[in-house]
Amino acid sequence: MSLSTGSPDSGAGSAADAPNLDFAGTTPYEDYVQADVLTHLQHLRSDDPGEMVFLVTTQVMELWFTVIVHEWETASRALREDRVPVAMDALKRSVRELEALNHSWRPLAQLTPAQFNAYRSALGEGSGFQSAMYRRMEFLLGEKSASMLVPHRGAPRVHAELEKALQEPSLYDEVLGLLARRGLPVPASVLGRDLSQRYEPSPEVEAVWAGIYAEADQNGELVRLGEALSDVAELVWRWRNDHLVATRRAMGAKTGTGGSAGVAWLEKRAQKNVFPELWTARSHV
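Take 5 as the starting number for the sequence shown in my numbering and just add one per residue.
Structure follows, in structure tokens:
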């Protein structure tokens with residue numbers, strides 16, 4: 005599929021070189037991308053011109069969440085099947101996608117309180133913590149919480165997908181399973197933990213990672229996997245901090261939409277490391 009959007013009359017060439025412009029129905033591009041659907045999903049609730057960029061940016065973020073969930077689920081399956089190169093490819097793609105996701109904050113990063121207040125009431129009780137796809141991202145990172153399914157009880161398909169994700173191994177669980185199959189001493193208490201609960205750091209897992217990095221020559225593939233996971237973790241941390249800063253600029257310490265604690269909630273989230281032992285193990289190498 006060509007990505008060109010130029011006119012057939014904009015350059016030299018014969019008529020035989022011109023693209024086909026005559027289709028019986030919608031264009032093949034429209035059939036594939038569904039652009040008409042995407043560009044008509046913006047239903048503004050205020051007269052403020054700034055609401056459009058807020059709504060579209062949020063919708064773009066949802067699309068990036070969807071792609072990243074796809075990559076991490078692909079990586080999880082590959083790790084379960086001991087196909088580390090396939091998992092690495094998915095993780096590397098997700099790093100580029102996380103970078104794009106984080107850049108999505110730029111249109112909103114310098115909102116003043118007055119600018120945000122101009123359309124804030126249009127959100128009603130809507131809040132980002134209600135995003136089902138973001139919740140699936142968090143679950144894949146090991147940040148499990150059954151209470152976060154409650155907002156989705158009125159949407160059976162979404163609730164079922166989240167319930168499934170809550171009970172399944174996280175991306176990090178699959179990594180630890182791989183390490184155990186490689187003969188590394190991941191404790192049985194970690195491997196057999198209740199997968200519906202938030203992952204808690206383990207000193208034994210920290211020691212495993214420290215050993216992997218201390219003998220990097222012998223553990224090249226696992227070190228590369230650890231570094232790919234660290235890239236993911238760093239960008240998740242940056243996402244949380246960018247969210248915190250943008251919110252702090254737009255609304256200070258006021259209560260967030262949907263009754264959340266706003267900045268206070270985001271500050272707590274920003275303090276948490278993803279894949280924690282990958283960070284603490286570095287102090288012991």
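For glycine and all other residues, C-beta sits at the position ideal for the given N, C-alpha and C.
DSSP three-state call for residue i: helix, strand or coil?
i: residue 230; result: helix
i: residue 284; result: helix
i: residue 277; result: coil
i: residue 113; result: coil
i: residue 94; result: helix
i: residue 24; result: coil
i: residue 151; result: helix
i: residue 258; result: coil
i: residue 215; result: helix
i: residue 203; result: coil
i: residue 47; result: coil
i: residue 181; result: helix
i: residue 80; result: helix
i: residue 223; result: coil
i: residue 131; result: coil
i: residue 171; result: helix
i: residue 103; result: helix
i: residue 124; result: helix
i: residue 108; result: coil
i: residue 190; result: coil
i: residue 159; result: coil
Take the Cβ of residue i as the centre, count every other Cβ of all protein chains shown within 10 Å, and call the residue buried at 16 or more, exposed below.
i: residue 24; result: exposed
i: residue 58; result: buried
i: residue 251; result: buried
i: residue 258; result: exposed
i: residue 246; result: buried
i: residue 161; result: exposed
i: residue 53; result: exposed
i: residue 146; result: buried
Quick one: residues in its chain with C-beta nearer than 6 Å to the C-beta of residue i, no 5 flanking neighbours on either side, listed in chain order?
i: residue 291; result: This structure leaves residue 291 out entirely; the chain is present only between 5 and 289.
i: residue 182; result: 83
i: residue 115; result: 254
Sorted by chain position, which residues of the same chain lie with C-beta nearer than 8 Å to residue i's C-beta, five sequence neighbours on each side aside?
i: residue 99; result: 232, 235, 236, 239
i: residue 137; result: 66, 69, 70, 73
i: residue 141; result: 69, 72, 73, 76
i: residue 281; result: 205, 206, 209, 210, 212, 213
Let me check understanding here. Comparing Cα to Cα, which of the options lies closest to residue i?
i: residue 189; options: 205, 273, 213; result: 213
i: residue 105; options: 244, 288, 257; result: 244
i: residue 96; options: 252, 230, 287; result: 230
i: residue 276; options: 203, 109, 41, 86; result: 203
i: residue 2; options: 186, 187, 206, 200; result: The structure shown does not extend to residue 2, since the chain is modelled only from 5 to 289, so the question has no answer here.
i: residue 77; options: 45, 199, 119, 143; result: 143
i: residue 50; options: 128, 168, 279; result: 128
i: residue 48; options: 40, 125, 80, 39; result: 125
CB-CB under 7 Å to residue i, same chain, minus the five flanking residues each way: which ones, in chain order?
i: residue 64; result: 108
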